[in-house]
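Visitor:
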Amino acid sequence: MTTTPAQLDTAPLTEPVDTAAVRAFTAELRERGALRGRTVSVVILVVVGLAFALIGVPLFFSIFVTVITESSGSALVALPLLVILAIVAFVAVAIVRGLRGSAVRRYRLDRFARANGMTWHPGYTNPPLPGMIFGIGNDRGTHDLMRREHPRFIEVANYSYETGSGKNKQTHRWGYAALRLDTPLPHIVLDAVGNNGLFGGSNLPVSFGRGQRLSLEGDFDQHFALYCPEGYERDALYLFTPDVMARFIDNAAQLDVEIVDEWLFLYSRRDLSTLDPATWQWVMSTVGALDDKLAQWARWRDERLAAAPTEGAVASGLPGASTAPAALLTPPPVGVAAPGRRLRRGFSWVTVLVAVAIGAWWILTIVFDVLGS
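The sequence shown begins at -17 in the working numbering and counts up one residue at a time.
(1) Assuming residue 243 contacts residue 166 under a Cβ cut-off of 8 Å, what Cβ separation, rounded to an integer in Å, is found between them?
(2) How would you call residue 44, buried or exposed, if buried means at least 16 neighbouring beta carbons within 10 angstroms?
(3) Express the C-alpha separation of residue 154 and residue 107 in angstroms, rounding to a whole number.
(4) Here's the rule: buried if 16 or more other CB atoms are within 10 angstroms of the residue's CB, otherwise exposed. What is residue 202?
(5) State the Cα-Cα distance for the pair residue 322 and residue 99, rounded to the nearest angstrom.
(6) Between residue 204 and the rest of its own chain, which residues show a CB-CB distance below 8 Å, the 5 nearest in sequence each way excluded?
(7) Could you please give me the residues that DSSP links to residue 125 through a beta bridge?
(8) Determine which residues share a DSSP beta bridge with residue 105 and list them.
(9) Is the separation between the beta-carbon of residue 248 and that of residue 319 shorter than 9 Å?
(10) In this structure, how does DSSP classify residue 391 when only helix, strand and coil are distinguished?
(11) Near residue -11, what residues of its chain come up, given a Cβ to Cβ distance below 6 Å and the 5 sequence neighbours on each side ignored?
(12) Specify whether the region 230 to 237 and the region 122 to 142 touch according to this definition: at least 3 beta carbon pairs, one from each stretch, less than 8 Å apart.
(13) Taking the alpha helix (DSSP H) that residue 99 falls in, what are its first and last residues?
(14) Once the 5 residues before and after residue -3 are set aside, which same chain residues still bring their CB inside 6 Å of it?
(15) Rounded to a whole number of angstroms, what is the C-alpha to C-alpha distance between residue 169 and residue 324?
(16) Output needed for residue 101: all residues of its chain with C-beta closer than 6 Å, excluding positions within five of it in sequence on either side, in chain order.
(17) Report yes if the C-beta distance between residue 97 and residue -7 is below 9 Å; otherwise report no.
(18) Out of curiosity, what's the CA-to-CA distance linking residue 12 and residue 281?
(19) If I follow the unbroken beta strand (DSSP E) through residue -9, where does it start and stop?
(20) From the DSSP output, which residues share a beta bridge with residue 173?
(21) Comparing alpha-carbon positions, which option in 254, 269, 0 lies nearest residue 157?
(22) Taking only runs of the beta strand (DSSP E) that begin and end inside the region 214 to 249, which ones reach a length of at least 3 residues, in chain order?
(23) Considering only residues of the same chain and omitting the five flanking positions on each side of residue 194, which have a CB-CB separation below 7 Å?
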């Protein structure tokens, strides 16, 4: 049974926590190796802190005494040093509070997961998921991952990756919910209109060929731009019946949706695995509403896949008889033919226009400089 907002216990996200329990939970995670990457960061901070305490503090005190002595005891001369010391102390306190805040966050999310039949994990690097956001950039990883195994596998997590290098390095952050389907389906993307960027440009990390755009009945196109592989339009209409379209409009209009292989992904440009009870109420309400409609997709089969003859079928013994009639009665196997497994990538006209505008401006500045000289 799907966890509904009324059944969701969000108290562990906000109620007071026991400091000793938080420390014990953090120690347990380290023993299991779940905080390996974070442990390295903590060790570096500790080493830097000890180095400053053993070397920086005595050196700073020596300089302070020297300045006071040479300035005939005037404390105003040492004021810049005191300001620097105050800044260092502020940064140290902020780091300590940040580390403790991260530990409390992990503890709260784990308790929330246990209270609602889920499991929590700090996250994984390079998750082997087929969605469009998971194969882009470097330093890819999930964070604060929640999983529920039954009745349908559901995963909710935050995700980040980096693109570019040096000064052009950029970190991209997403929140996603993944639902495992009962059967592989054609690659279909619903690009939510409500979260598009400036000039109506899509916020998706990739673009798809416009020849794959399919218009559906009613006001569905006002909420989503649907893309499906060419030749799979009839299959998309089979999957997105009026009741299914209404469910997506009512519950997921602010989320981008991707159906690929045996997965359905919901994407958001903000964290979905969070300490905010309202966010979890919304996420689980959306997942539950869609889950009620996913069962009817289990009957879909790709007619393009050749149906194999039934094992053990024999000819009737008549001249020219074969097992072909039995093969014709065999339904297509589970799966998707090659043309329907992935959408064809395209390019964004908005990106092209912006690049052309920047290039034109650069050329104009050079021309004006030449004319001015």
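Virtual Cβ for every residue (Gly too), placed ideally from N, Cα, C.
It should be emphasised that the depicted structure is a prediction, and the values quoted were computed from it without experimental measurement.
Guide: Quick answer:
(1) Along the sequence shown, one-based indexing puts residue 243 at 261. Along the sequence shown, one-based indexing puts residue 166 at 184. The Cβ separation is near 5 Å, so the contact holds.
(2) As a first step, residue 44 must be located in the sequence shown, where it is residue number 62. With fewer than 16 Cβ atoms within 10 Å of its Cβ, residue 44 is classed as exposed.
(3) Taking the sequence shown and counting its residues from 1, one reaches residue 107 at position 125. Taking the sequence shown and counting its residues from 1, one reaches residue 154 at position 172. Roughly 15 Å separates the two Cα atoms.
(4) Taking the first residue of the sequence shown as position 1, residue 202 is located at position 220. Classification of residue 202: buried, given that the 10 Å Cβ count is 16 or more.
(5) Here residue 322 refers to the residue found at position 340 when the sequence shown is read from its first residue. Here residue 99 refers to the residue found at position 117 when the sequence shown is read from its first residue. Roughly 35 Å between the two C-alpha positions.
(6) Here residue 204 is taken as the residue at index 222 of the sequence shown, counted from 1. Closer than 8 Å at Cβ, skipping near neighbours: 175.
(7) On the sequence shown, residue 125 is found 143 positions in, with the first residue counted as 1. The partner list for residue 125 (beta bridge, DSSP) reads 140.
(8) Within the sequence shown, the letter at position 123 stands for residue 105. BP columns for residue 105 are empty, so no partner.
(9) As a position in the sequence shown, residue 248 is number 266, starting the count at 1. As a position in the sequence shown, residue 319 is number 337, starting the count at 1. Not a contact, by the Cβ cut-off of 9 Å.
(10) Nothing can be reported for residue 391, as the shown portion of the chain is limited to -17 through 355.
(11) What you label residue -11 is simply residue 7 of the sequence shown in a count that begins at 1. So no residue of the chain qualifies.
(12) no
(13) In the sequence shown, residue 99 corresponds to position 117, counting from 1. Neither: residue 99 is in no alpha helix (DSSP H) and is coded neither H nor E.
(14) What you label residue -3 is simply residue 15 of the sequence shown in a count that begins at 1. None.
(15) For this step, residue 169 is matched to residue 187 along the sequence shown. For this step, residue 324 is matched to residue 342 along the sequence shown. Near 5 Å, if we compare the C-alpha coordinates of residue 324 and residue 169.
(16) Numbered from its first residue, the sequence shown carries residue 101 at position 119. If we look at residue 101 and ignore the five residues flanking it on each side, its Cβ neighbours are 95, 129.
(17) Here residue 97 refers to the residue found at position 115 when the sequence shown is read from its first residue. Here residue -7 refers to the residue found at position 11 when the sequence shown is read from its first residue. The answer is yes: Cβ separation under 9 Å.
(18) Looking up residue 12 in the sequence shown gives position 30. Looking up residue 281 in the sequence shown gives position 299. Looking at the two C-alpha atoms, the distance is approximately 45 Å.
(19) The residue given as residue -9 occupies position 9 in the sequence shown. For residue -9, there is no enclosing beta strand (DSSP E), as DSSP marks it with neither H nor E.
(20) As a position in the sequence shown, residue 173 is number 191, starting the count at 1. According to DSSP, which records beta bridges pairwise, residue 173 is partnered with 207.
(21) Residue 157 sits at position 175 when you count from the first residue of the sequence shown. With distances taken between Cα atoms, residue 157 lies closest to 254.
(22) none
(23) The residue you call residue 194 lines up with position 212 of the sequence shown. 209, 210, 211, 212, 325, 326, listed in sequence order.
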